[in-house]
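Chemist: I am attaching a structure below and will ask some questions about it afterwards.
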Amino acid sequence: MQNEKVALFIIFGGSGDLARRKLYPSLFRLYQKGYLSRHFAVIGTARRPWENDYYRQIVVDSLNDIQATDEQIAEFAGHFYYQSHDVTNAAHYTVLKKLADTLDQKYQLQHNRIYYLAMSPNFFGTIAKHLKSEQILTTAGFNRLIIEKPFGHDYESAAELNQQIRASFEEDQIYRIDHYLGKEMVQNIAAIRFGNNIIESLWNNRYIDNIQITLSEALGVEERAGYYESAGAMRDMVQNHISQIATLLAMEPPVSFSARDIRHEKIKVLRSLHIDTPEEAQHNFVRGQYGPAVIDGQRLEGYREANNVASDSKTETYVAGKMEFENYRWAGVPFYVRTGKRLAKKETRVDIVYKQLPTNIFKAAQDDNKLGHNILTIFIEPTEGFSLRVNAKRLGQGFATRPVDLNFRHSAAATGNSPEAYERLLLDAMNGDSTNFTHWDELSQTWKFADVVEKVWSENTPTDFPNYASGSMGPKAADELLARDGRHWIFSAQPK
Ligand code: NAD
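At position 418 of the sequence shown (counting the first as 1) the number is 401 in the numbering used here, and the numbers step up by one without a gap.
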């Protein structure tokens, strides 16, 4: 088959949550679409002493929500092999190598290997080291390393981790996952910008007043509290996902739509990202933590009541802030960003707010006739689409105007068929396309940016936590952040 990919996947953390919820279903969809067929195999590793059959049943169970025949599922699961493996034990890699070589022959995999590290980042360095020292890396085919977030805890730890990985892999063999880059509408940012003259021509500080990025979540920390306590919203969402979206919005048009040219522009624009002084960070960033609330007669617990969370936790579950790119295109245009848990609504979107016209010639026609800003909104989740707000004449006598939204939404059916982020990214990695993965030079810059805020916060204990109620739109200070600049958040959901 023409599109068929040929590779051995070795998944470290094969019994884990990510593997079951995302990786196995995504691999299966790629199988259903013919990208994976005869020449692929998967080795799942974890510490438990499982047999192949037991592991294959886990894989089958993870496909519950997907329509397929039993036969198709059984055939797919037959490509999966389990290897009990402690990633810190060198001898275990020798056994793993034997199995990898056997499967390579059996399925004619051309020595192509993809290593997926679906486990705690504490182990990334050890695994990378052993893959090289125990010669699991092949010389005949490709070797690609896919790693999950979090990539470090701050710039220093990220740099150290990077060094460990680079001792075994070249930068172009490393695929750092940021699953937001696999989302349909995040990828659509490039199409909207670079495919439309009326948009790209006005994409600068002469026409744009400010840009707002919102990643609002309705859920609390749920079972991730243990990790979240030491991370917080800044590290969990702003340093990576939000910064990546801002970068795609801010970068210059690449020479071509190739991974190399796009990366070049992303890295370039991130070099112009203003790193706040501690005083600026204190001024430009707001943090919050959700407290309990009663909604529809049901009590929602506050963050400090969650399992594995300290009763006096200082961890932020909400961040709002201002990012600025100091270059010709963006000088003077703030990128306001915010993210938080237990907010009124789950919504990921970007609002591009255009400047007002120099004057309003309709003012005389009607006293209260105000022209609103043009706003281009890119809806990322849960709706996928975009809208453009323009001013138009109200029907009838007189000359009052009103805002009208030109809307485009992908239909639910089309969205249902569109690939999941992980499915796209896995296929990209198989194709050797790193466009939608994060380069070290991007990460290093966004860590330096986040570190200043983290440092200021660690030196100034929050005294008002919890400072927003579950089901609200976050702390008041986040509204004041924009009000100070004479602006307001475009998106606002009714509190529950
Ligand atoms: P998990 O705790 O469910 O799974 C961890 C896996 O590692 C298990 O298979 C466990 O057996 C294995 N493991 C632990 N110690 C080991 C050792 N010494 N030797 C061999 N195997 C060992 O974790 P997860 O939720 O699947 O997350 C995995 C990675 O993906 C983490 O880096 C996490 O931050 C990241 N991530 C997860 C999600 C998600 O939705 N679960 C989302 C984004 C990122």
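All residues carry an ideal CB built from backbone N, CA and C; glycine is no exception. These numbers come from a predicted model, not from an experiment.
Across which residues does DSSP place LYS376 in a beta bridge pair?
Modeler: Position 393 of the sequence shown, counted from the start, is the residue given in the question as residue 376. THR384.
Chemist: Examine the ligand NAD and report whether any of its heavy atoms sits within less than 6 Å of the Cβ of LEU371.
Modeler: To locate residue 371, count along the sequence shown from 1; it is residue 388. No, since every heavy atom of the ligand NAD falls outside the 6 Å radius drawn around the Cβ of LEU371.
Chemist: Return yes when the C-beta of ALA412 is under 6 Å from any heavy atom of the ligand NAD, and no when it is not.
Modeler: The residue given as residue 412 occupies position 429 in the sequence shown. No, the ligand NAD has no heavy atom inside 6 Å of this Cβ.
Chemist: Could you pull the start and end residues of the beta strand (DSSP E) that SER67 belongs to?
Modeler: Residue mapping note: residue 67 aligns to position 84 of the sequence shown, counting from 1. Segment 63 to 67, the beta strand (DSSP E) holding SER67.
Chemist: Let me check you understand the geometry: is the CB of ALA29 closer than 6 Å to at least one non-hydrogen atom of the ligand NAD?
Modeler: If you number the sequence shown from 1, residue 29 lands on position 46. For the ligand NAD, at least one heavy atom lies less than 6 Å from the Cβ of ALA29.
Chemist: Give me the Cβ distance between SER45 and TYR14, rounded to the nearest whole Å; I'm assuming they're in contact under 8 Å.
Modeler: Translated into the one-based positions of the sequence shown, residue 45 becomes position 62. Translated into the one-based positions of the sequence shown, residue 14 becomes position 31. With a Cβ gap of about 13 Å, SER45 and TYR14 do not count as contacting.
Chemist: Label TYR158 either buried or exposed according to how many other C-beta atoms from any shown protein chain fall within 10 Å of its C-beta, with 16 as the threshold for buried.
Modeler: Translated into the one-based positions of the sequence shown, residue 158 becomes position 175. Buried.
Chemist: Can you grab the Cα-Cα spacing for the pair GLN147 / LEU10, in whole Å?
Modeler: Along the sequence shown, one-based indexing puts residue 147 at 164. Along the sequence shown, one-based indexing puts residue 10 at 27. Approximately 28 Å, taken between the alpha carbons.
Chemist: Note down, in chain order, each residue of its chain lying with its Cβ closer than 7 Å to the Cβ of ILE56, except the 5 sequence neighbours on either side.
Modeler: Along the sequence shown, read from residue 1 onward, the residue named residue 56 stands at position 73. Once the five neighbours on either side are set aside, the close Cβ partners of ILE56 are VAL43 and LEU46.
Chemist: Report yes if the C-beta distance between ALA347 and GLY165 is below 7 Å; otherwise report no.
Modeler: Here the question's residue 347 lines up with position 364 in the sequence shown. Here the question's residue 165 lines up with position 182 in the sequence shown. Not closer than 7 Å, so no.
Chemist: Hey, is GLY215 close to the ligand NAD, as in C-beta under 6 Å from one of its heavy atoms?
Modeler: Start at 1 with the first residue of the sequence shown, and residue 215 comes out as number 232. It does not: the Cβ of GLY215 is nowhere closer than 6 Å to a heavy atom of the ligand NAD.
Chemist: Per DSSP, MET306 forms a beta bridge with which residues?
Modeler: Position 323 of the sequence shown, counted from the first residue, corresponds to residue 306. Answer is PHE318.
Chemist: Mapping the DSSP letters down to three states, classify GLU330 as helix, strand or coil.
Modeler: For the purposes of this step, residue 330 is taken as residue 347 along the sequence shown, with counting starting at 1. DSSP places GLU330 in strand when its eight states are reduced to three.
Chemist: If you draw a straight line from the alpha carbon of HIS68 to that of LYS329, how long is it in whole angstroms?
Modeler: Taking the sequence shown and counting its residues from 1, the one referred to as residue 68 is at position 85. Taking the sequence shown and counting its residues from 1, the one referred to as residue 329 is at position 346. About 39 Å.
Chemist: Quick check on DSSP: helix, strand or coil for VAL238?
Modeler: Locating residue 238 in the sequence shown gives position 255, counting from the first residue. In this structure, VAL238 counts as coil in the three-state DSSP scheme.
Chemist: Using a beta-carbon distance below 7 Å, is ASP0 in contact with chain C?
Modeler: No chain C is present in this structure, which holds just one protein chain.
Chemist: Quick check on ALA150: does DSSP put it in helix, strand or coil?
Modeler: As a working mapping, residue 150 is identified with position 167 in the sequence shown. DSSP, reduced to helix, strand and coil, places ALA150 outside both helices and strands of the structure shown, so it counts as coil.
Chemist: Across which residues does DSSP place ARG282 in a beta bridge pair?
Modeler: Taking the first residue of the sequence shown as 1, we reach residue 282 at position 299. The partner list for ARG282 (beta bridge, DSSP) reads VAL277.
Chemist: Is LEU1 close to the ligand NAD? I mean its beta-carbon at under 6 Å from any heavy atom of the ligand.
Modeler: Position 18 of the sequence shown, counted from the start, is the residue given in the question as residue 1. Because some heavy atom of the ligand NAD lies under 6 Å away, the Cβ of LEU1 counts as near it: yes.
Chemist: Since GLU54 is in the alpha helix (DSSP H), which residue starts that stretch and which ends it?
Modeler: Translated into the one-based positions of the sequence shown, residue 54 becomes position 71. 53 to 60 is the extent of the alpha helix (DSSP H) around GLU54.
Chemist: So, ALA264 versus VAL435, is the Cβ gap smaller than 7 Å?
Modeler: Sequence index remark: in the sequence shown, residue 264 carries index 281 (1-based). Sequence index remark: in the sequence shown, residue 435 carries index 452 (1-based). Yes, Cβ-Cβ distance for ALA264 and VAL435 is below 7 Å.
Chemist: Could you tell me whether the stretch 73 to 90 touches the stretch 34 to 43, where touching means 3 or more Cβ pairs closer than 8 Å?
Modeler: Contact between the stretch 73 to 90 and the stretch 34 to 43 is absent, because fewer than three Cβ pairs lie under 8 Å.
Chemist: Curious, which full-length beta strand (DSSP E) runs of at least 3 residues does the stretch 385 to 453 contain?
Modeler: Complete beta strand (DSSP E) runs here, min 3: none at all.
Chemist: Quick check: the stretch 138 to 156 against the stretch 299 to 319, are there 3 or more CB pairs under 8 Å?
Modeler: no
Chemist: Mind checking which residues open and close the beta strand (DSSP E) that includes GLU364?
Modeler: Counting from one through the sequence shown, the residue named residue 364 turns up at place 381. Judged by DSSP secondary structure, GLU364 falls within the beta strand (DSSP E) whose first and last residues are 358 to 364.
Chemist: Tell me whether GLY209, by its Cβ, gets closer than 6 Å to a heavy atom of the ligand NAD.
Modeler: Against the sequence shown, residue 209 aligns to sequence position 226. It does not: the Cβ of GLY209 is nowhere closer than 6 Å to a heavy atom of the ligand NAD.
Chemist: Any contact between the stretch 411 to 420 and the stretch 186 to 201? By contact I mean 3 or more CB pairs, one from each, below 8 Å.
Modeler: no
Chemist: Quickly, what does DSSP pair GLN195 with across the bridge? List them, please.
Modeler: Locating residue 195 in the sequence shown gives position 212, where the first residue counts as 1. Answer by DSSP bridge pairing, in chain order: TYR319 and ASP334.
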